[in-house]
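Asker: Protein chains in written order, with this note's numbering: chain A, 1 to 314; chain B, 315 to 628; chain C, 629 to 942; chain D, 943 to 1256.
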């Protein structure tokens, strides 16, 4: 196993972590889930795992945070594994042009969410995973999948965050019931939402998250284990959906500035994929107006520029 | 200059052209511009120019067609060259989640179009190019830019198509006047629309179009001439906008299936960019429900799969 | 008290009931609340109580039906009595231009429903009535108010209908949670919806309903008892809201054809008010595309034309 | 003919004119038509013509102002006279829930405007009047109709206002072209808009306007001349559309506060109809947020309350 670190990568990651630490502009920590508002706004972590398996880490690389919507990449992967392309009867794969929690598009399109990365779409995906099982079982399956991908059985759900959202996530309750009214959800709304709130409340460090994302870099395989998670075509397609839809109504901006498939969460994390090159996890709790990590996006922009990793050209 | 053709590429292009010729599903030829409805629905052309300058051509590679919205890639490039990032005060760069001619988003966002590749956005871009000049001059500049990029001074405007749209393009007149009412356009609406209708009416062959797109493949430079058209960063960014916004409300689908930045036109053409690898032009007049070439998209999907050219992984 | 019936009125009501019985076009019985779908589609009832207290009844005047959204007139009246014009901070009084259960407008206007007669608005009104009480108490108050107005203590809630909607009213659960997410509801969503579903499930006959509506005809007073229910100004204003908003996106049509303030319910009932002249209740279960009683509206159109009761001129 | 003035009416009108003169809150004079911005913001006029023909006038009752959208009542009347109920294939009669110049609803409903009193709807009505004629002829017909109704051949078009809107009315140009793109307009857009801008630019005094509105009060007849302008049913129906749609997205508010059918214009005028009782014209140039005369609406609210003229009850 090649463990010789690429010196450039280590240096770049360290420099970026230092630059980000020093910046005064940090965005706004999400407050809509009360438990998330308690996080330290000055935190910043960055981990890059390249094709050789080299791990470059900077800042708070080993502090766990709430992955929130980043979990949607993994539930999408799981659901595609379970039902294949039939999943696309329940959810589209077009950018929505709307905020993460918009309900307007659902009315026009009769309960079919635009893509699996807005809240409504992720709830529909969770409903597919749940199908025919108890919430506890479905949630266990999602959690074990994360542990398997990250090769780390300690990954866990932050019950305080899940409980916080269960008490206050009225908008998501609205979205789920709205889809239910169109017959788009099969399971009891409470079951589906229970699983959804809990998988969003999974806590991971940048290191764990970058590990979990490796299969998307390497044609569906996790290099360290040789496990084939999905086919190469499916990995490409998940990356494509991340590129067009991974940052809500800031997806175009992320593609324009960073040039990598990525998925953000309101906990301040972003998972980014440089196909064939690297799995990248960044975390900074302050968000921009679209609900994406402010410094996380900037750090990724600098990283891809310095390393020439944009998928849109060198 | 390397002229040894890659045998694979030639074979792949020829095979795809034959497969497409044989397919019964051809989509619907656009009728909203009467002149466009007169085209031969069975036409199919495909040209790929790879990094070595090898040109592989199949089908009706040398039949001229109306490039329509593909011209928006080139007007965006020109306008960025003229005013730089100030352009983004006039137009966004987010996918719209709406059809190409939607006016709804404009009302919500006070006349600022979502991106330069929907009609409203391209009209705003044309207004920037026009600024302070006569329509004839601005149009001349656009046409000369196309001729320069394609290294072909014979490229011309199809006046019958332009006249046809001038007579019937009420929706675009609406969009332009709507933006004007918000102060987003500087020039007389008739001037801006005159230039817009005419640059959409440029006629090109697949061969010419693939040539014109080379600078987006090679970090902003046209390899055969060595001319630097835009900076490498700008080329990447134009590609990013093509990926997220190039196919109206079918942009997510194109990214998912084809995995390349691309821009379609209602004339049935698509320009696609495989960064570092190839400039690709395809043409088949029948459109899908989103207004993108039906067989053109399928041909590109097969091409990128066979050649492993997706930007989202091998 | 004058009890001599106006012969014309009796004849007109009888004739209309017969005409309606004979018509083949009956609209579609609502199916979205399963229990409502079991009603007899051929039923038709009409009761008019004029200024003298004369009661003219035709058809199924004494068959109870689910008043559904007609209850919103009475909850609006109660809530205005409790909090006065402060109610209008929670709900608007403009026609919505949208179907009864639309959620789109709520997103644009940050959770404030357009008027108290669309579902979202009525839920907000119910939340005001509930404020600080147990659901059982609030519901008791609404029911006693109906019994008091109709002078009939036998009026009751159809628990099967309430239970049916509790099980299937996902759209209303969505609307309520959506408003809750904007802070527009004070009480637990389940409490508010419980009261809402139950007051919609009140069963009344046309005779009872026409009695209950008399205070809106006579400047806020119930003539038979002399009770002042609301001020004359408030009665006028409730009538105005009924005129502009009482029939969802068919309100303009109702005003145009019938020319009276009215409020419909998906159970097929309509309460109409001819100010100074008569309280009118009509019932026919089949609905038109806007969710209003098809024959009920036609019957009222004929009635007002024959009697010259339109508020828009003789 | 009874010419003895009702002393109360004269006193009420005079008092209201004085009260309004003294109020500091005057709304904002419209600036979107530059020529209109030049009007004196302190002007206030009020004229009431009751069923006896008594004319009570207060304030600037004889100063001409631009009637703007009030003209839509008369073009609707004319168009119904020309094509009858076929008009409703071109335009709806539901409140729109949107501002006067919204284009969003048009996209959803394929170019059919919601009602004849929003700009799009009035343009469609003008197109019906124009049908088969030269703009000059159609405009002459509209103007003669106004002169006939007001019994005053001096009523004229303010060409400076018409020219001002021709130069700046981009939003209306957008609306018209948008409808044209759906095939809703028959005539060249420039012809239809030319007539539309000119009939909106008709100048009238409150006295003239109140005279012109009398046929809507008296079942379609002008009492002084005995001319039958429309049938009684049509007069009622026009009043109904005025009530539900006459004040854009302030229509509900006007019904709630004033309780009369009415139509406002951005010139600050309002024509209100108390069926069977009085024709009322008020003018004060300052507008509220919905584009309706601020003091005009308040004056009418006081007037109907003092005289007990609300159609919703005494």
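A virtual CB, placed ideally from N, CA and C, is assigned to each residue, including glycine. None of these values were measured; they are calculated from a predicted model.
1. Using only the heavy atoms of the ligand COA, determine whether one of them is closer than 7 Å to the beta carbon of residue 807 of chain C.
2. Under DSSP, the beta strand (DSSP E) around residue 677 of chain C begins and ends at which residues?
3. With H, G and I counted as helix, E and B as strand and the rest as coil, what does DSSP make of residue 88 of chain A?
4. Taking CB distances under 8 Å as the criterion, tell me whether residue 117 of chain A reaches chain B.
5. Going along chain B, which residues have a C-beta under 7 Å from residue 1122 of chain D?
6. Which whole-angstrom value is the C-beta distance of residue 1059 of chain D and residue 1142 of chain D, which I expect to be below 8 Å?
7. Can you pull out the residues from the segment 1088-1117 of chain D whose beta carbon lies closer than 9 Å to at least one beta carbon of chain B?
8. For a cutoff of 8 Å on Cβ pairs, would you count residue 397 of chain B as touching chain A?
9. By Cβ distance below 7 Å, which residues in the same chain neighbour residue 645 of chain C in space, the five residues on each side in sequence not counted?
10. For a quick check, are the C-beta atoms of residue 598 of chain B and residue 334 of chain B less than 8 Å apart?
11. Is any beta-carbon of chain C found at less than 8 Å from that of residue 301 of chain A?
12. Let me confirm a value: residue 593 of chain B is counted as buried when at least 16 other C-beta atoms fall within 10 Å, else exposed. Which label applies?
13. Does the Cβ-Cβ distance between residue 98 of chain A and residue 104 of chain A come in under 8 Å?
14. Any idea which residues DSSP pairs residue 1214 of chain D with across the strands?
15. Please name the residue, chosen from C:804, C:825 and C:826, that lies closest to residue 816 of chain C on a Cα-to-Cα basis.
16. Between which two residues does the alpha helix (DSSP H) holding residue 838 of chain C run?
17. Residues of chain B with CB closer than 7 Å to the CB of residue 239 of chain A, please, in chain order.
18. Which residue marks the beginning of the alpha helix (DSSP H) containing residue 1054 of chain D, and which one marks its end?
19. Counting contacts by CB-CB distance shorter than 8 Å, is residue 1119 of chain D in contact with chain B?
20. Between D:1156, D:1090 and D:1179, which has its C-alpha nearest residue 996 of chain D's C-alpha?
21. Name, going along the chain, the residues of the segment 718-733 of chain C whose beta-carbon falls closer than 7 Å to a beta-carbon of chain A.
22. Could you run through the segment 873-895 of chain C and flag, in chain order, every residue whose CB is less than 7 Å away from some CB of chain D?
23. Where do the ends of the beta strand (DSSP E) carrying residue 603 of chain B lie?
24. Quick check on DSSP: helix, strand or coil for residue 687 of chain C?
25. Beta-carbon of residue 590 of chain B versus every beta-carbon of chain A: anything under 8 Å?
26. Output yes if chain A places a C-beta closer than 8 Å to the C-beta of residue 457 of chain B; else output no.
27. Kindly confirm or deny that the segment 1199-1217 of chain D and the segment 969-976 of chain D touch, where touching means at least three C-beta pairs closer than 8 Å.
28. Out of curiosity, what's the CA-to-CA distance linking residue 152 of chain A and residue 423 of chain B?
29. Quick check: the segment 168-184 of chain A against the segment 231-241 of chain A, are there 3 or more CB pairs under 8 Å?
30. Can you list the residues of chain B that residue 977 of chain D reaches, using a CB-CB cut of under 9 Å?
31. Short check: CB of residue 928 of chain C to CB of residue 890 of chain C, under 8 Å?
32. What does the Cβ neighbour count give for residue 984 of chain D, buried or exposed, with the cut at 16 atoms within 10 Å?
33. For residue 156 of chain A, which beta-bridge partners are listed by DSSP?
34. To which residues of the same chain is residue 564 of chain B closer than 6 Å at the C-beta, ignoring the five residues directly before and after it?
35. Quick one: is residue 1037 of chain D buried, meaning 16 or more other Cβ sit within 10 Å of its Cβ, or exposed?
36. Between the segment 478-487 of chain B and the segment 449-460 of chain B, do three or more beta carbon pairs fall short of 8 Å?
Answerer: To lay it out plainly:
1. The model depicted lacks the ligand COA and carries no ligand whatsoever.
2. Following the DSSP letters along the chain, one finds residue 677 of chain C inside the beta strand (DSSP E) bounded by residues 673-678.
3. Helix at residue 88 of chain A.
4. With respect to chain B, the C-beta atom of residue 117 of chain A has no partner C-beta closer than 8 Å.
5. Here the neighbours are 484.
6. Not a contact, Cβ separation roughly 12 Å.
7. Cβ contacts with chain B: 1110, 1111, 1112, 1113, 1114, 1115, 1116 and 1117.
8. So no, residue 397 of chain B is outside the interface.
9. Excluding sequence neighbours, residue 645 of chain C sits near 672, 674, 686 and 687.
10. Taking 8 Å as the cut-off, the Cβ atoms of residue 598 of chain B and residue 334 of chain B count as close.
11. Against chain C, the CB of residue 301 of chain A has no partner CB under 8 Å away; the residue lies outside that interface.
12. In this structure residue 593 of chain B is buried. Its beta-carbon is surrounded by 16 or more other beta-carbon atoms within 10 angstroms.
13. Contact check for residue 98 of chain A against residue 104 of chain A passes: the beta carbons are separated by less than 8 Å.
14. Paired residue(s): D:1204 and D:1222.
15. With distances taken between Cα atoms, residue 816 of chain C lies closest to C:804.
16. Where residue 838 of chain C is concerned, the enclosing alpha helix (DSSP H) stretches over 834-840.
17. Chain B residues near residue 239 of chain A: 626 and 627.
18. That residue, residue 1054 of chain D, is in no alpha helix (DSSP H); it is neither H nor E in DSSP.
19. For residue 1119 of chain D, the nearest CB of chain B lies under 8 Å from its own CB, placing it at the interface with that chain.
20. Ranking the options by Cα distance to residue 996 of chain D, first place goes to D:1156.
21. So the list reads 730, 731 and 732, given in the order they occur along the chain.
22. When CB distances to chain D are screened at a threshold of 7 Å, the residues of the segment 873-895 of chain C falling below it are 873, 877, 879, 880, 881, 883, 884, 887 and 889, in chain order.
23. Per DSSP, residue 603 of chain B belongs to no beta strand (DSSP E) and is neither H nor E.
24. Strand.
25. It does; some Cβ of chain A falls within 8 Å.
26. Chain A contact via Cβ: absent.
27. As far as the Cβ criterion goes, the segment 1199-1217 of chain D touches the segment 969-976 of chain D, which means the pair count is three or higher.
28. When rounded, the distance between both Cα atoms is 46 Å.
29. Segments in contact, no.
30. Under the 9 Å cutoff, chain B gives no residues; its nearest Cβ is about 17 Å from residue 977 of chain D.
31. In this structure, the beta-carbon distance from residue 928 of chain C to residue 890 of chain C falls below 8 Å.
32. Note on residue 984 of chain D: under 16 other CB atoms within 10 angstroms of its CB, so exposed under the neighbour-count rule.
33. Answer is A:203, bridged to residue 156 of chain A.
34. So the list reads 604 and 606, once near-sequence residues are dropped.
35. Answer is buried; the Cβ neighbour count reaches 16.
36. The segment 478-487 of chain B is not in contact with the segment 449-460 of chain B.
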